[in-house]
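Going by UniProt numbering, the first residue of the sequence shown is number 1, and it counts up by one from there.
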Amino acid sequence: MYQNREDAGRRLALSLNRYKDEDCVVLGIAMGGMEIGYQVARYLDADFSPLMVRKLSYPKNPESGFGAIAEDGSIFIFPYVGRTLHYRTIDKIVEMEREEVQRRVDLLRDGEPLPDIRQKTVILVDDGIAKGGTIRAATMLCRKKGAQKLVIGTPVANAEMANDMADVGEDSVVLTTPKYFKAIPQVYRQWREVGDQEGLDIMEKWRSQLVHATV
């Protein structure tokens, strides 16, 4: 069990120690992966940025996703979805989440682009991986932007997804694979959804650290 995302991030950072001397960029998938990504980047002395990816949720079951969209427009949709949702419904959901992705880019990065990741090791971090749609959309973005090596890092995933991560990136670190996986929050003692203000607070921590590092 992890006390919270900060605790999980610190533990994950230690397990990524082998990347401490590499030219890395840590991308924390917003919103839940931001605190964890911040902790990893701080420990590795790496560049850090939030990466905006939104789950594409079923209209009548928002907790369940059928895919995800990343901030560059990369879309991953599970292949079986066409049997359960009309394409017009899918398009409507995609456009709605595309707007939310842009809102978060404007909020958390002042509309600025991601750091240049060409020919770099990118460590993609989230607070957990359940079905894998979000992380797959994120990896699509990173491949398009020229990342040399993709490392997937997360405190928890179901066992099947942990195995799949070996095919998604060049390396993966999954700290916990519960035997009876129900949902990501089950391994966190303190769990809450990360809102706008908490996301802004994390970015302020990061900016403050950069200032102190240059003094």
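All C-beta atoms, glycine included, are put in the ideal place defined by N, C-alpha and C.
Exercise for the section: Tell me whether A159 sits in a helix, a strand or coil according to DSSP, three-state version. Expected result: For the purposes of this step, residue 159 is taken as residue 159 along the sequence shown, with counting starting at 1. Helix, per DSSP.
Exercise for the section: Please indicate yes or no: does the CB of N4 lie closer than 6 Å to some heavy atom of the ligand NAD? Expected result: Judged by which ligands are present, the structure shown has none, so any question about the ligand NAD falls away.
Problem - Candidates E97, P50 and G33: closest to R5 by CA position - result: Here residue 5 corresponds to residue number 5 of the sequence shown, with the count starting at 1. For the options E97, P50 and G33, the alpha carbon positioned closest to that of R5 is the one of G33.
Practice task
Mark V146 as exposed unless 16 or more other C-beta atoms lie within 10 angstroms of its C-beta, in which case mark it buried.
Solution key: If you number the sequence shown from 1, residue 146 lands on position 146. The identity of residue 146 in the sequence shown is Gly, whereas the question assumes Val. By the 10 Å Cβ count, G146 comes out exposed.
Handout entry: Residues near P50 by beta carbon distance below 6 Å, same chain, minus five either side
Key = Taking the sequence shown and counting its residues from 1, the one referred to as residue 50 is at position 50. G28, A30, M34 and L108.
Problem - E6 - DSSP class collapsed to helix/strand/coil - result: Here residue 6 corresponds to residue number 6 of the sequence shown, with the count starting at 1. Correct three-state label for E6: helix.
Handout entry: Contacts around K149, its chain only, beta-carbon distance under 6 Å, and the 5 residues preceding and following it disregarded
Key = Looking up residue 149 in the sequence shown gives position 149. Result list for K149: T121 and E170, in chain order.
Problem - Chain-order list of residues whose beta-carbon lies under 6 Å from that of M165 (same chain, five-residue window excluded) - result: For this step, residue 165 is matched to residue 165 along the sequence shown. I152 and S172.
Practice task
Assign S74 to buried or exposed, taking buried as 16 or more other Cβ atoms, counted over all protein chains shown, within 10 Å of its Cβ.
Solution key: Translated into the one-based positions of the sequence shown, residue 74 becomes position 74. S74 is buried by the Cβ-count criterion.
Exercise for the section: Measure the alpha-carbon distance for N61 versus K131 and round it to whole angstroms. Expected result: Here residue 61 corresponds to residue number 61 of the sequence shown, with the count starting at 1. Here residue 131 corresponds to residue number 131 of the sequence shown, with the count starting at 1. Going by the C-alpha atoms only, they are around 15 Å apart.
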